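Take any residue in the sequence shown, note its place counting from 1, add 16, and you have its number in our numbering.
The C-beta atom is built at its ideal place from N, Cα and C for all residues, glycine as well.
All values derive from a computational prediction rather than experimental measurement.
First up is the structure itself, then whatever we jot down about it.
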Amino acid sequence: MTDTDKSNPMQPVEVDERYQILDVLRGVALLGVLLINLDSGFRGSLFHHILNFHTHPGQANRVTDLLLEWIFEFKAMTLFSFLFGVGAGIQSERLIKRGRNSGFFLFRRFTVLLIIGLGHMLLIWNGDILTLYAVCGLLVLPFTKLPGKLLVVTGLAVIALSPYLPFFYNYFPDAEAMRAQASVATRIYSSGTLTEIMSLRFYEAVHFIMPLLLASLPRTFGLMLLGTGVWRIGIMQRPQEWRSLLWGILAIAGSLGALATTLEVWSKETGNPAPGAFDLIYPYSVLFLAFAYAACLLLWLGPRQANRLEWPWRLTAAAGRMALSNYLAQSVVFTTIFYSYGFGLFGRLGSAAALLLGLTVFAAQLIASELWLRHFRFGPAEWLWRSMTYGQWQTLKRYRSFNGQPGD
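The following block contains the structure:
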């Protein structure tokens with residue numbers, strides 16, 4: 017790869033071209049992803065979490081379990097998947113305007129992400145989601161030139177049908193297999209050798225994680241189609257023009273999602289079955305709340321797009337702009353804390369203590385992201401992803417302009 021050629025029309029998006037509200041949404045989703053990954057994957061076995069709503073005794077842990085389930089469980093990942101589709105829409109639109117082959121460029125972009133995701137899954141933490149995003153991104157490619165409204169309708173149709181595709185769910189491991197694997201994982205990750213950890217990580221990835229990702233593929237694909245379409249019709253760029261729709265989503269989807277999620281949490285907590293009518297909306301309750309979260313933030317922050325964000329949102333936007341770097345850093349930090357080659361706390365920390373740990377790490381990432389972006393144009397992982405995609409080293413460091421202000 018060569019140094020960045022300023023005349024190359026296939027250059028990355030500059031800072032002033034970005035929509036800060038999207039970075040805020042990514043930052044909010046990143047917080048949710050951190051807390052759920054920490055609760056269900058880093059501090060203990062995912063399968064133990066699936067089989068046991070409360071993994072540790074104590075009132076603080078019980079309340080934490082309820083709050084995480086109600087507010088973040090699957091909602092953050094849903095929002096992240098949707099925003100990934102928005103990003104694909106942005107890249108496709110800008111490349112088309114520049115007269116470039118958007119399909120070829122995005123194919124390279126998603127292929128590089130697939131390589132990063134597989135490396136993350138096999139070498140750092142097998143709870144990776146990047147691999148699924150890369151595969152779904154490749155599947156979205158043939159649809160990127162469709163009209164925005166058709167993309168939205170197609171995405172919603174795929175999402176609506178996804179819970180009723182039993183082929184994908186036939187690969188989901190049964191309770192006995194998950195229980196046995198949870199026991200093995202607790203022993204190996206907490207006290208095993210590095211070789212044993214690597215071997216188990218690979219085994220879990222092939223026999224358990226990949227099937228779980230396959231089960232999530234239809235809905236994730238639909239969410240990315242939806243995100244691409246929503247960008248294409250202009251909702252994200254001009255939320256003020258879509259206030260009626262956004263208020264409708266917040267009111268209707270928010271109410272249905274809150275009701276369904278409350279019934280779900282109540283059912284898990286008490287062991288009582290939810291009412292029969294619940295089955296009709298349960299598969300979509302996560303989607304309803306995730307869309308309501310997005311609508312709420314768009315309504316709240318939309319008028320601020322042209323102005324400087326208040327400092328909490330500015331920090332959140334910085335973390336969102338470095339979402340890939342922060343996501344990978346979380347895996348490095350938490351596997352070091354919980355695996356035997358670090359502090360060996362796997363299976364020992366309750367959800368309440370893990371919540372405090374997660375909030376502390378995220379607060380550090382907010383500050384670190386803001387400080388990093390004062391001096392550099394991209395996060396380190398974003399820089400590598402861009403450089404590999406564009407086929408040339410991207411300029412990483414910011415430079416001061418003649419008036420002393422940061423420049424690119």
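(request) Identify which residue in Q381, A276, A221 has its Cα closest to the Cα of I145. (result) A221
(request) Please list the segments of the beta strand (DSSP E) lying wholly inside the segment 139 to 177, counting only runs of 3 or more residues, in order along the chain. (result) none
(request) Counting only runs of 3+ residues fully inside the segment 183 to 265, write out the beta strand (DSSP E) ranges in chain order. (result) none
(request) Out of N117, I112, R124, point me to the one whose CA is closest to Q408's CA. (result) R124
(request) Would you kindly work out how many angstroms separate the C-alpha atoms of L95 and Y180, rounded to a whole number? (result) 21 Å
(message) With three or more beta-carbon pairs closer than 8 Å as the criterion, would you say the segment 387 to 403 touches the segment 70 to 79?
(response) no
(request) Could you check how far apart the C-beta atoms of T160 and S108 are, in whole angstroms? I think they sit under 8 Å. (result) 4 Å
(request) Check each candidate in L172, A269, R235 and name the one with the smallest Cα separation from V151. (result) R235
(message) I need the DSSP call for M410, collapsed to helix, strand or coil.
(response) What sits at residue 410 in the sequence shown is Gln, not Met. Coil at Q410, not helix or strand.
(request) Label I268 either buried or exposed according to how many other C-beta atoms from any shown protein chain fall within 10 Å of its C-beta, with 16 as the threshold for buried. (result) exposed
(message) Once DSSP output is grouped into helix, strand and coil, what is the label at Y415?
(response) strand
(request) Go to N53, then tell me how far its alpha helix (DSSP H) extends in each direction, as first and last residue. (result) 36 to 53
(message) Taking its Cβ as the centre, do 16 or more other Cβ atoms sit within 10 Å of S232, making it buried, or is it exposed?
(response) buried
(message) Please identify the residue among L62, Y343, G264 whose C-alpha is closest to the C-alpha of L315.
(response) G264
(message) With a threshold of 7 Å on Cβ separation, who are the neighbours of I425 within its own chain once the five nearest residues in sequence on each side are excluded?
(response) The structure shown does not extend to residue 425, since the chain is modelled only from 17 through 424, so no value can be given for it.
(message) Whole angstroms are fine: how far does the CA of G164 sit from the CA of P255?
(response) 16 Å
(request) Measuring alpha carbon to alpha carbon, tell me which of G318, L129, T209, G105 ends up nearest Y357. (result) T209
(request) Pull up the distance between the alpha-carbon of L375 and that of Q381, whole angstroms please. (result) 10 Å
(message) Below 8 Å on the Cβ atoms is my contact criterion, and I expect L340 with I353 to pass it. Report the Cβ-Cβ distance as a whole number of Å.
(response) L340 to I353, Cβ: 21 Å. No contact.
(message) Does E192 pass the burial test, meaning 16 or more other C-beta atoms within 10 Å, or should it be called exposed?
(response) exposed
(message) In this structure, how does DSSP classify F304 when only helix, strand and coil are distinguished?
(response) helix
(message) With distance defined between alpha-carbon atoms, name the residue in F378, S301, L228, P319 nearest to A335.
(response) F378
(message) For K413, count the other beta carbons within 10 Å of its own beta carbon; 16 or more makes it buried, fewer makes it exposed. Which is it?
(response) exposed
(message) Applying the 10 Å Cβ sphere with the 16-neighbour rule, what's the burial state of L261?
(response) exposed
(message) Runs of 4 residues minimum, wholly inside the segment 86 to 125: which ones carry the alpha helix (DSSP H) assignment?
(response) 91 to 113
(request) Determine the direct distance from the alpha carbon of R364 to that of E89, and round the result to whole angstroms. (result) 21 Å
(request) Would you identify the three-state DSSP class for F394, choosing helix, strand or coil? (result) coil
(request) With Y343 as the anchor, note down where its alpha helix (DSSP H) starts and where it stops. (result) 339 to 354
(request) In angstroms with no decimal places, state the Cα-to-Cα distance between L111 and F121. (result) 8 Å
(message) Please identify the residue among P319, A276, Y35 whose C-alpha is closest to the C-alpha of A306.
(response) A276
(message) Considering Cα atoms alone, identify which of T332, P299, A345, G43 is closest to L177.
(response) P299
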